[in-house]
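K.L.:
This note's numbering puts the first residue of the sequence shown at 2, with every later residue one more than the last.
Just so it is clear, CB atoms sit at the ideal spot from N, CA and C, and this is done for glycine as well.
It should be emphasised that the depicted structure is a prediction, and the values quoted were computed from it without experimental measurement.
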Amino acid sequence: MKKIINIIFVLFMILPIFIPSYSPKAKSIADMQKELDKKRAEYNSNQQQQEQLNNKIDYSNSEIISSRNAIEQAEKDIQLTGDKIQKLNVEIDNKSKEIDELMRMLQLTDGDIAYLEYIFGASDMTDLIHRSSIVEEITEYNDQQIDKMNQMAEESKKLQKELEQKQKDLQKRIDVLNSNLKQYNASLAALDEVQVDVKKELDQLQNTINYYKKICPSTTQDVTTCLKGSLPYDTSFWRPADYGYISSEYSTRAAPCSGCSTVHLAVDIGGKNVRELNIYASASGKVVGVENSNSNSCGGNYVLIQHNIKGTNYTTMYLHMKKVYVSVGQTVTKDTVIGMMGGGIVSSWPGYTPWDECSTGQHLHFAVAQGLKSSTSEMKYGSIDPRNLVNFPSGRNTFYDRITAY
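Dropping the structure here:
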């Protein structure tokens, strides 16, 4: 008997280790207001970052336009300089020919002997000096002209090289600016998506706070306490759709699309021809969160519902919905159609507009968490695999109603 008591005592001591527990932290309206203020601060910070990025994008675009204009001007200058070099080369050739012709006229083109014959053919000293002076002046003048034109040609070639280098430098700058612009636009797109999601949650959380203020006598009272009398009682969860199968389990997975999370704290319900499939409340409860903005940003439209299942509080979340038919504060039952299935960045249906850019097909993202949650970001706390509470067929086997046990 003593041995049995010891075994029971040991089991009593170690049993809590193997039983998962979740103790939701008490939260008041004042706590929720602080959370909302924090999210507003994040939103404002993101707006400032957006403004800074937009300024950088505007500056980069302006610099790119300016650099492209400078490249076009450099190309024109290079062409003009090239034409100038060609013209100078022609003038140099012509000047050389003129000198040769002049020398022939003065009988100086046969070399040093003819030159000496011309010099010493003078009739007297005055004539000698005159002839020597003429030859020297003509030769010096033409040499100066040729040197001047050669110098101009060299300067033009130097200018052409400088312009070509400037053109290359400007193109490099454009490449850098384009690279920066690409990064800025990517950051802006990501930030804009965050902004959309934060703005959605701000609006949704404010609506939830307004709803709680109507039913809670004090902003410092635990919301769970004042909701006890308002949450309808239920005994179980049903499947949120009357057709489909689990297309993605509650688990860590490879990201199915760009920007999608690898942590999947929900099950995805999909199937063939699930377009515009009705989505139901999984159990009786109160709607505390709704997004119905007709936006195709991440998550699409969604609904949050709080439940009292045999005295335990839960919250269910329904994401990627095409349409929402309920509002915050509305009481729902298992038979309440809360919306229409959506999701999917691609679709095989002709004329169908893809609804949710962060999902890869038509499906419902169905999540369950223990405790009363007021926003989508809170659903990760106390998250539960929906299979533990809702009866789904194993694997990817299809169900055809909401209640048949498998």
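Within 10 angstroms of the Cβ of N309, are there 16 or more other Cβ atoms? Answer buried if so, exposed if not.
P.N.:
Taking the first residue of the sequence shown as 1, we reach residue 309 at position 308. It is buried - the Cβ of N309 has at least 16 other Cβ atoms within 10 Å.
K.L.:
Measuring CA to CA, which of A71, T337, D402 and P218 is closest to D170?
P.N.:
The residue you call residue 170 lines up with position 169 of the sequence shown. For D170, the nearest C-alpha among the options comes from A71.
K.L.:
Does DSSP classify S134 as helix, strand or coil?
P.N.:
Counted from its first residue, the sequence shown places residue 134 at position 133. DSSP places S134 within a helical segment (H, G or I) once states are collapsed to three.
K.L.:
What does the alpha-carbon distance come out to for the pair N392 and P241?
P.N.:
Position 391 of the sequence shown, counted from the first residue, corresponds to residue 392. Position 240 of the sequence shown, counted from the first residue, corresponds to residue 241. In a straight line, the C-alpha of N392 is about 11 Å away from that of P241.
K.L.:
Please look up how many angstroms separate the CB atoms of V268 and Y251, rounded, as I've assumed it's under 8 Å.
P.N.:
Here residue 268 refers to the residue found at position 267 of the sequence shown. Here residue 251 refers to the residue found at position 250 of the sequence shown. Right, their Cβ atoms sit about 5 Å apart.
K.L.:
Out of Y212, A154 and K35, state which residue places its alpha-carbon closest to the alpha-carbon of Q331.
P.N.:
Your numbering for residue 331 matches position 330 in the sequence shown. Comparing Cα positions, the closest option is Y212.
K.L.:
Could you check where the alpha helix (DSSP H) with T225 kicks off and where it finishes?
P.N.:
Taking the sequence shown and counting its residues from 1, one reaches residue 225 at position 224. Where T225 is concerned, the enclosing alpha helix (DSSP H) stretches over V224 to L228.
K.L.:
Just to confirm the assignment, what range does the beta strand (DSSP E) spanning Y319 have?
P.N.:
Taking the first residue of the sequence shown as position 1, residue 319 is located at position 318. Note, Y319: beta strand (DSSP E), T313 to V325.
K.L.:
To the nearest angstrom, how far is the alpha carbon of I58 from that of S46?
P.N.:
Locating residue 58 in the sequence shown gives position 57, where the first residue counts as 1. Locating residue 46 in the sequence shown gives position 45, where the first residue counts as 1. Going by the C-alpha atoms only, they are around 18 Å apart.
K.L.:
Just checking: is the beta-carbon of Q363 within a distance shorter than 7 Å of some beta-carbon in chain B?
P.N.:
Note that chain B does not occur in the displayed structure, where there is just one protein chain.
K.L.:
Just confirm the distance between the C-beta atoms of A31 and T220, as a whole number of angstroms; I'd bet it's less than 8 Å.
P.N.:
Your numbering for residue 31 matches position 30 in the sequence shown. Your numbering for residue 220 matches position 219 in the sequence shown. Going by Cβ atoms, the distance from A31 to T220 rounds to 5 Å, so yes, they are a contact pair.
K.L.:
How do the stretch 315-329 and the stretch 366-373 stand: do at least 3 beta-carbon pairs fall below 8 Å, yes or no?
P.N.:
yes
K.L.:
Pull up the distance between the alpha-carbon of Y401 and that of V325, whole angstroms please.
P.N.:
Here residue 401 refers to the residue found at position 400 when the sequence shown is read from its first residue. Here residue 325 refers to the residue found at position 324 when the sequence shown is read from its first residue. Answer to the nearest angstrom: the Cα atoms are 23 Å apart.
K.L.:
What are the boundary residues of the beta strand (DSSP E) that includes L373?
P.N.:
One-based indexing of the sequence shown puts residue 373 at position 372. Premise fails: L373 is in no beta strand (DSSP E) and is neither H nor E.
K.L.:
Based on Cα-Cα distance, which residue from G245, T225 and V333 lies nearest to G396?
P.N.:
As a first step, residue 396 must be located in the sequence shown, where it is residue number 395. The shortest Cα separation from G396 among G245, T225 and V333 belongs to G245.
K.L.:
What's the C-alpha gap between K162 and L54?
P.N.:
As a first step, residue 162 is located in the sequence shown; it is residue number 161 there, counting from the start. As a first step, residue 54 is located in the sequence shown; it is residue number 53 there, counting from the start. When rounded, the distance between both Cα atoms is 37 Å.
K.L.:
Count the other CB atoms within 10 Å of the CB of S134; is the residue buried (16 or more) or exposed (fewer)?
P.N.:
Within the sequence shown, the letter at position 133 stands for residue 134. Exposed, since its Cβ has fewer than 16 Cβ neighbours within 10 Å.
K.L.:
If you run the structure through DSSP and keep just helix, strand and coil, what is S67?
P.N.:
For the purposes of this step, residue 67 is taken as the residue at position 66 of the sequence shown. Three-state DSSP puts S67 in a helix.
K.L.:
Ignore the nearest five residues each way along the sequence and tell me which others in L81's own chain have a CB closer than 8 Å to its CB.
P.N.:
The count along the sequence shown starts at 1 and reaches residue 81 at position 80. Cβ within range, chain order: n/a, list empty.
K.L.:
Per DSSP, which residues does C51 bridge with? Please list them.
P.N.:
Counting from one through the sequence shown, the residue named residue 51 turns up at place 50. Note that residue 51 is Gln in the sequence shown here, rather than Cys. According to the DSSP secondary-structure assignment, Q51 is paired through a beta bridge with no residue.
K.L.:
Can you tell me whether D38 is buried or exposed, with buried defined as 16 or more other CB within 10 angstroms of its CB?
P.N.:
Counted from its first residue, the sequence shown places residue 38 at position 37. The residue in question, D38, is exposed, as its Cβ has fewer than 16 Cβ neighbours within 10 Å.
K.L.:
Should G301 and M322 be called a contact, given that it needs their Cβ atoms to be closer than 7 Å?
P.N.:
For this step, residue 301 is matched to residue 300 along the sequence shown. For this step, residue 322 is matched to residue 321 along the sequence shown. Cβ distance < 7 Å, so G301 and M322 count as in contact.
K.L.:
Identify which residue in M153, R403 and S67 has its Cα closest to the Cα of W239.
P.N.:
Translated into the one-based positions of the sequence shown, residue 239 becomes position 238. Closest by alpha carbon: R403.
K.L.:
Going by DSSP in three states, E194 sits in which element: helix, strand or coil?
P.N.:
Against the sequence shown, residue 194 aligns to sequence position 193. Low confidence applies here, because E194 scores a pLDDT of 47, under 50, leaving its location unreliable; read the following figure in that light. Three-state result, E194: helix.
K.L.:
Since G340 sits in a beta bridge, which residues does DSSP pair it with?
P.N.:
The residue given as residue 340 occupies position 339 in the sequence shown. I280 and V325.
K.L.:
For E92, which option in N151, Q48 and E102 has the closest C-alpha, if you only look at C-alpha atoms?
P.N.:
Counting from 1 along the sequence shown, the entry for residue 92 is found at position 91. Nearest C-alpha to E92: N151.
K.L.:
Closest to Q168 by C-alpha separation, out of K88, K229 and E76, would be which residue?
P.N.:
By 1-based counting over the sequence shown, the position of residue 168 is 167. Taking only the C-alpha atoms, the option nearest Q168 is E76.
K.L.:
By Cβ distance, which residues of its chain are closer than 6 Å to I247, with the 5 residues on each side in sequence left out?
P.N.:
For the purposes of this step, residue 247 is identified with residue 246 of the sequence shown, where counting begins at 1. Hits under 6 Å: V268 and F393.
K.L.:
Determine, using beta carbons only, whether L390 and T225 come nearer to each other than 7 Å.
P.N.:
Residue mapping note: residue 390 aligns to position 389 of the sequence shown, counting from 1. Residue mapping note: residue 225 aligns to position 224 of the sequence shown, counting from 1. Cβ atoms of L390 and T225: not closer than 7 Å.
K.L.:
Which stretch, first to last residue, makes up the beta strand (DSSP E) that contains Y246?
P.N.:
Locating residue 246 in the sequence shown gives position 245, counting from the first residue. From DSSP, the beta strand (DSSP E) with Y246 extends over Y246 to S249.
K.L.:
Taking the beta carbon of F63 as the centre, do at least 16 other beta carbons fall within 10 Å, making it buried, or is it exposed?
P.N.:
Your numbering for residue 63 matches position 62 in the sequence shown. A small fix is needed here, since residue 63 is Ser in this sequence, not Phe. Looking at its Cβ environment, which holds fewer than 16 other Cβ atoms inside 10 Å, S63 is exposed.
K.L.:
Please report the distance separating the alpha-carbon of V195 from that of Y303.
P.N.:
On the sequence shown, position 194 is the one that residue 195 refers to. On the sequence shown, position 302 is the one that residue 303 refers to. Only weak support exists for where V195 lies, its pLDDT of 46 falling under 50; the value from the coordinates is given anyway. Near 16 Å, if we compare the C-alpha coordinates of Y303 and V195.
K.L.:
Kindly indicate the opening and closing residues of the beta strand (DSSP E) around Q307.
P.N.:
Looking up residue 307 in the sequence shown gives position 306. N302 to I310 is the extent of the beta strand (DSSP E) around Q307.
K.L.:
Leaving out five residues on either side along the sequence, give the residues of the same chain with a beta carbon under 7 Å from the beta carbon of S1.
P.N.:
As shown, the chain starts at 2 and ends at 407. That puts residue 1 outside it, with no answer to give.
K.L.:
Taking L232 and G286 to be in contact with their CB atoms under 8 Å, please state how far apart those CB atoms are, rounded to whole angstroms.
P.N.:
In the sequence shown, the residue the question calls residue 232 occupies position 231. In the sequence shown, the residue the question calls residue 286 occupies position 285. Rounded, the Cβ-Cβ distance is 6 Å, consistent with contact.
K.L.:
What did DSSP end up calling S24 once you bin it into helix, strand or coil?
P.N.:
The count along the sequence shown starts at 1 and reaches residue 24 at position 23. Legend: pLDDT at S24 = 46, less than 50; position of this residue unreliable, no value from coordinates given.
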